[in-house]
Amino acid sequence: MTETLLGFWLALPSWLQILLANLVKIVIIVLPVVLAVAYLTYAERKIIGYMQVRVGPNRVGPRGWLQPIMDAVKLMFKEIIVPTNANRFLFIGAPILAFAPAMVAWAVIPFSDTLWLTNIDAGLLFILALTSMGVYGVIIAGWASNSKYAFLGSLRSAAQIVAYEIAMGFALVGVLMAAGSLNLREIALAQAGGAHHWYILPLFPLFLVYFISGVAETNRAPFDVAEGESEIVAGFHVEYSGMAFALFFLGEYANMILIGALAAVMFLGGWTTPFTPAVVASLPWLGDGIHWFLIKVSFLMFCFLWFRATFPRYRYDQIMRLGWKVFIPVTLVWIVVIGVAKFLTPWGYLFH
Amino acid sequence: MLNNYVPILIFMAVALIMGVAMVVIGRVLGPHRPDTEKNSPYECGFEAFEDSRMKFDVRYYLVAILFIIFDLEIAFLFPWAVALSEVGMLGFVAMMLFLGILVVGFIYEWKKGALEWE
Amino acid sequence: MTAAMPNFLPVAPEIFVFSMACVILLVDLFLSDARRGVTYLLTQLTLIGAAVLTVKGMSAAAVMTFNGMFVGDALANVLKLAIYGVTFFGFAYSRDYLRERGMYRGEYFVLGLFGVVGMMVMASASHFLTLYLGLELLSLCVYAMVALQRDSGQSTEAAMKYFVLGAMASGLLLYGMSMLYGMTGSLEISAVRKAIEGLSADNVILVFGLVFVVVGIAFKLGAVPFHMWVPDVYHGAPTAVTVYLGTAPKLAAFALVMRLLVGGLEGLAVSWQSMLIILAILSMAAGNVIAIAQDNIKRMLAYSSISHMGFFLLGIVSVSQNGYSSALFYVVVYAVMSLGAFGMVILLSRAGFEAERLDDFKGLNQRSPWHAFLMLLVMISMAGVPPTFGFYAKLLVIQSVINAGMIWLAIVAVLLAVIGAFYYLRVIKLMYFDDADDKAPLGGPADVRVLMGINALALVLLIPWVGVLMEVCRAAIRALAVA
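Residue numbers (this note's numbering), protein chains in the order written: chain A, 1 to 352; chain B, 353 to 470; chain C, 471 to 953.
The structure is reproduced here in C-alpha cells:
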C-alpha cells in the first residue's frame with residue numbers, strides 16, 4: 001500500500017508536491033494555533049474566575065471544556081449586520097486584514113530545532129512587517145463602520161498600537177545587537193546552553209518593554225481603554241457581529257500568543273533548556289525540545305491573563321505617556337548601553 | 353534562497369482563505385433580516401446626530417507622523433544591529449551620531465508638547 | 471569590510487553649523503520669550519564661526535572627501551562665504567519684524583541655519599546625491615519657514631504651493647539624474663563628465679535626462695515657464711522669510727547650475743545652451759513686463775528676481791570661463807541687491823502694518839531722506855545704472871554673451887533690461903516726487919540701520935574694488951574646471 005502511495009506521490013509534478021507538503025505543514029501549525037486561541041479564551045475565563053474566587057464557565061460539556069466550541073458555533077449562527085452607508089467591501093475586509101497577519105507570522109516561528117515551516121534569514125523583519133499590517137485592520141474597521149464611536153475608537157486604538165510598536169521595534173534592535181542575526185532560529189540558538197545564556201538577563205529592561213508593549217499592542221488589559229465596555233462601547237468593533245466579530249477576536253488572541261512565542265524565542269531561549277549541559281547529560285529528557293517552548297509560551301500567556309485580572313485600566317493619556325515618554329527613552333538608553341559595553345568595556349561578552 | 357519564501361506565500365493564501373471562509377460560513381448559516389433599526393449606527397440608544405465622517409483631532413495626525421519618523425529610524429537600526437560586529441567601533445559611533453540627531457528631535461517634540469494630552 | 475574614516479577636516483564648517491543648529495534648537499526650548507535674544511545671538515555667532523572655519527580651511531588645491539562626494543574648492547568657499555554674509559544680514563533685518571508679529575521663535579533661526587547647511591552642502595557637492603541632499607535640506611527648511619506665520623491664510627497658501635511644486639520639481643531633477651546615471655554608470659560628477667566625453671552629444675537618453683535636470687534647475691531658479699511659485703511665495707511669506715529665501719538660495723541655485731550643467735554635463739553644452747537661451751529670454755521678458763503691472767512691492771521684486779535670473783542664465787549660456795565667472799559675479803551682486811530691497815521693505819513695516827504696497831513708498835524722501843537714498847541706490851543698482859555693481863554685473867554678462875558670438879541675444883537682453891528699468895524708476899519717483907500718505911517717521915534699531923547702510927552703500931562704494939571681486943570669481947570658476 002505504501003508503495004502505491006509513494007508511486008502516486010512521485011508521479012505528481014514537483015510544484016504540486018511542494019504545495020501539498022507545505023499545506024500539510026501549514027495545517028499542522030494552523031490547527032493547534034486555532035485550537036490554542038479558542039481554548040485561551042476558555043482558560044482566560046477560568047483563570048480569571050479562580051483569581052476572583054469564583055468558578056469560571058463549567059456548564060457546557062464536562063467541566064466546561066466545550067465552551068469555546070459552543071461560542072464559535074453561536075457566533076456562526078448570528079447575523080452579520082452591515083450598517084447602512086457602511087462601505088461593504090471594507091467592512092468585510094477589515095476583520096480579514098486583522099486576522100490574516102496574525103496567522104501568517106506563525107510561518108517563521110521555530111518551535112524547536114527542526115520544527116519550523118520556513119527558516120528565512122529575515123524572520124524578525126518579516127514579523128515586524130506583519131504586525132505593522134495589523135494596524136490597517138483596526139483603522140479600516142473604524143472607518144468602514146460609519147459610526148462615530150467606531151471611528152474615534154479606531155483612531156485611539158491605532159495611535160496606541162503605533163506608539164507601542166516603536167517601543168517593540170527598539171527592543172527588537174537590542175536583541176539583534178546581541179544575537180547578530182535576524183533569523184529567529186539563530187537567535188534562539190545563540191541562547192543555548194542554559195538559563196544563564198538567555199537574553200532576559202542582560203536585556204532585562206528590553207524584555208519588560210517588549211512584553212508590556214505586546215500587552216498594549218493587542219489592546220489587552222490594562223491597556224484596553226479602546227475596547228473596554230464601560231469606555232467607548234467596544235471601540236472600533238462596535239458595529240461588528242457574528243463571524244466578522246469572531247475574526248477580530250481570533251486575531252487579537254492569535255496576536256497575543258504570537259507575542260508570547262516571540263518573547264519566548266528572543267528572550268527566553270525558545271526551545272532551549274534552562275538547565276546547563278552538565279545536568280542535561282545526566283538527564284537527557286531535560287534537554288532542548290518543543291516542550292520547553294510550550295512551557296515558556298504558556299507561562300507568558302498566564303502572565304497576560306494575570307495582568308487582566310490584577311491591574312485596573314489605564315487612562316488613555318497615561319497609556320500614551322508610557323509608550324512615548326517612558327519606553328522609548330528606556331530602550332534607546334539600553335541600546336547605547338549595549339553598544340558601549342560591547343566596544344568600550346571588557347564586559348561585552350555579557351551581551352553576546 | 354527564494355525557495356524559503358514559498359511556504360509563506362502558501363500560508364498567506366491559506367490565511368486569506370480561512371478568513372474569507374469564516375465570513376462566508378457566517379453569512380450562510382446566519383439569518384439575514386436587515387431592518388432600519390438594526391442597521392442604524394450605534395449611538396447609545398439615540399438617533400445618530402450627524403454624519404459619522406467628522407473632523408478628528410490633529411493630534412492623531414501628529415502621532416502618525418512621529419511614528420513614521422521613528423519607524424524609519426528602526427528600519428535603519430535593523431541592518432546596523434545585525435552587522436554590528438563587522439562595522440566595529442566606527443559603525444557604532446556613526447549610528448550613535450544618527451541616534452543623537454534623532455534624540456534632539458525627540459527632545460524638541462517632548463518639550464513642545466507634541467506627546468501630551470493623549 | 472572595514473570602512474575607512476573619511477577626512478572630516480574639509481567638512482568642519484558644515485559640522486559646526488549643523489551641531490550649533492541642534493544646540494540652538496535645544497537651548498531655545500528652555501528660553502522664555504523675553505530671553506529669545508540669546509537664540510539670535512547664538513545664530514549670528516554660528517555664522518561668524520562658520521565663516522572663520524571656511525577661511526581657515528581654504529587651500530589652493532581642491533580637497534575631496536567622503537569618497538569623492540564632497541569637494542572643498544574655491545567655488546565652494548566663495549559661495550559659502552557669500553551665503554554666510556547674506557544670511558547674517560537677513561537674520562539681523564528680520565529680528566524686529568519677527569518680534570512685532572509674534573513669530574520671534576527659535577524655529578525661524580534653527581530652520582534658517584539648517585537651510586544654510588543645505589546650501590553649504592550644495593555648494594560643495596561633487597556627487598549627484600550630495601547635490602540632491604543639500605537641495606532637499608534647503609527646500610524643506612524653506613517650505614516650513616514660509617508657513618511660519620501660522621494664522622495667516624496667505625502664508626499657508628504660499629507654503630502649500632511652494633511645497634507641492636517644489637516636491638514635483640525635485641522629483642523631476644532626481645529622475646533626470648537617474649537617467650544620466652543609467653547612461654554614464656556613475657553618480658559622481660567628474661566621472662559623469664568623463665563618461666559623456668565617450669558618448670555622442672545626441673544620445674537620446676542623455677538629452678532626455680538633461681531636459682529633466684534643466685527643468686528641475688529652472689524651477690529652483692524661478693525661470694519662466696517654471697516661475698509660477700515665485701510671486702505667490704515671495705508675496706505670501708512673511709517678509710522676514712522672503713529676505714532669506716530671495717537671497718541666499720539663489721547662490722545655492724548657482725551652485726546647482728555650475729556643478730551639474732558645467733561641472734558634469736559640459737559635454738552636452740550644445741543641448742542645454744539652446745534650452746537655457748529660451749529660458750533666459752522668456753524669463754527676462756515675462757519678469758520685466760509683468761513686474762510693470764504690480765502694485766505690491768514684494769510681488770514686483772519677485773518678478774524682478776525672475777528677470778534677474780534670466781540675465782544670470784545668459785552668463786551660463788555663453789559656455790566660457792568668462793561667462794561663468796560673470797554669472798557668479800551677477801548672482802552674488804543680485805543677492806546683495808535683493809537683500810537691500812527686502813530689507814527696506816522690512817524697515818518700512820511696523821507692528822500691524824505691512825509696507826507691501828508700492829504706495830507705502832510714497833514720499834519716503836520727506837519721512838527719512840537717508841532711507842530714501844539707500845533705496846535709491848538699491849533700485850538703480852537693480853536697474854543697471856552705472857556706476858553701481860548692478861551695472862557692472864549686467865555689463866560683464868552681456869560682454870560674455872557678445873564674446874560667444876550671440877550679438878542678437880545681447881541686443882534682446884539690453885532691450886528687456888531697459889523695459890525693466892521702468893518699475894525701478896517708478897519706485898524712485900514715488901519716493902522723491904510724491905507726497906507721503908503716512909507721515910510717521912521710520913523706526914528700526916540702530917544695528918539694523920547700520921547694516922542696511924552698509925548693504926546699500928556697498929553697491930556703490932565698493933566699485934574701485936570690482937576688479938578684485940571679478941578676479942575672485944574667475945579663480946573660483948578656474949578651480950571648477952580644473953577639478
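Every residue, glycine too, gets a C-beta built ideally from N, C-alpha and C.
Query, Result
"Minimum length 4: unbroken alpha helix (DSSP H) runs contained in the segment 611-662 of chain C", "623-654"
"Closer than 9 angstroms to chain B by CB, C:Phe500", "yes"
"Selected residue, minimal CA-CA separation from A:Tyr64, among A:Lys78, A:Pro83, A:Ala43 and A:Ile48", "Note that residue 64 of chain A is Gly in the sequence shown here, rather than Tyr. Nearest option by C-alpha distance: A:Ala43."
"Touch test, the segment 238-257 of chain A against the segment 89-96 of chain A, Cβ-Cβ under 8 angstroms, three pairs minimum", "yes"
"Short CB-CB distance (under 9 angstroms) between A:Arg59 and chain B", "no"
"Beta-carbon proximity check, A:Phe334 vs A:Leu203, cutoff 9 angstroms", "A small correction: the amino acid at residue 334 of chain A is Trp; Phe does not occupy that position in the sequence shown. Cβ distance < 9 angstroms, so A:Trp334 and A:Leu203 count as in contact."
"Every unbroken alpha helix (DSSP H) within the segment 682-707 of chain C, with a cutoff of 4 residues, ordered by chain", "699-706"
"Contacting residues, own chain, Cβ-Cβ under 7 angstroms from A:Pro222 (five flanking each side not counted)", "Phe307, Phe311, Pro312, Arg313 and Tyr314"
"Proximity below 9 angstroms, CB of C:Arg593 to CB of C:Leu721", "The question names Arg, but residue 593 of chain C in the sequence shown is Ala. Yes. Within cutoff."
"Reduced DSSP secondary structure (H/G/I, E/B, other) of C:Arg571", "coil"
"Contacts around A:Val30, its chain only, beta-carbon distance under 8 angstroms, and the 5 residues preceding and following it disregarded", "Met103 and Trp106"
"Alpha-carbon spacing of B:Ile453 relative to A:Ser154, whole angstroms", "32 angstroms"
"Where C:Leu939 falls: helix, strand or coil (DSSP)", "helix"
"Run of the alpha helix (DSSP H) containing A:Thr4, from where it starts to where it stops", "Thr2 to Ala11"
"Interface residues of chain C facing B:Ile459 [CB-CB closer than 8 angstroms]", "Leu496 and Leu499"
"Proximity below 9 angstroms, CB of C:Ala629 to CB of C:Gly706", "yes"
"Interface residues of chain C facing B:Leu451 [CB-CB closer than 8 angstroms]", "Those do not exist, as B:Leu451 stays about 13 angstroms from chain C at its closest Cβ, beyond 8 angstroms."
"CB of A:Gly260 within 9 angstroms of CB of A:Phe304, strictly", "yes"
"Continuous beta strand (DSSP E) assignments of at least 3 residues falling wholly in the segment 268-333 of chain A", "none"
"Member of A:Met1, A:Leu5, A:Asn22 and A:Gln17 whose CA lies at the smallest distance from the CA of B:Ile360", "A:Asn22"
"Start and end residues, beta strand (DSSP E) containing C:Met539", "Segment: none, C:Met539 is in no beta strand (DSSP E) and carries neither H nor E."
"Identity of the residue in C:Asn925, C:Gly686 and C:Gly813 nearest C:Gly636 by Cα", "C:Gly686"
"Buried or exposed by the 16-neighbour rule on C-beta atoms within 10 Å, applied to A:Thr276", "exposed"
"Exposed unless 16 or more other CB atoms sit within 10 angstroms - verdict on A:Arg220", "buried"
"Assigned exposure category for C:Phe812 - 16 Cβ within 10 Å defines buried", "buried"
"Residue environment, C:Arg974, which counts as buried when at least 16 other CB atoms sit within 10 Å", "This structure does not reach residue 974 of chain C, given that chain C is present from 471 up to 953, and the question cannot be answered."
"Under 7 angstroms from the C-beta of B:Val456: neighbouring residues of chain C", "Cys492, Leu495 and Leu496"
"Chain B contact for C:Met475 (CB, 9 angstroms cutoff)", "yes"
"Short CB-CB distance (under 9 angstroms) between A:Ala188 and chain B", "no"
"A:His197 (DSSP reduced to helix, strand or coil)", "helix"
"Chain C contact residues for B:Lys463, given Cβ-Cβ distances below 7 angstroms", "Leu499"
"Any C-beta of chain B under 9 angstroms from that of A:Glu79", "yes"
"Alpha carbon of C:Pro915 to alpha carbon of C:Val803, nearest angstrom", "26 angstroms"
"Run of the alpha helix (DSSP H) containing C:Met852, from where it starts to where it stops", "Pro839 to Ala853"
"Below-9 angstroms beta-carbon distance, B:Leu442 vs any chain C residue", "yes"
"Contacts around C:Met745, its chain only, beta-carbon distance under 6 angstroms, and the 5 residues preceding and following it disregarded", "Val684"
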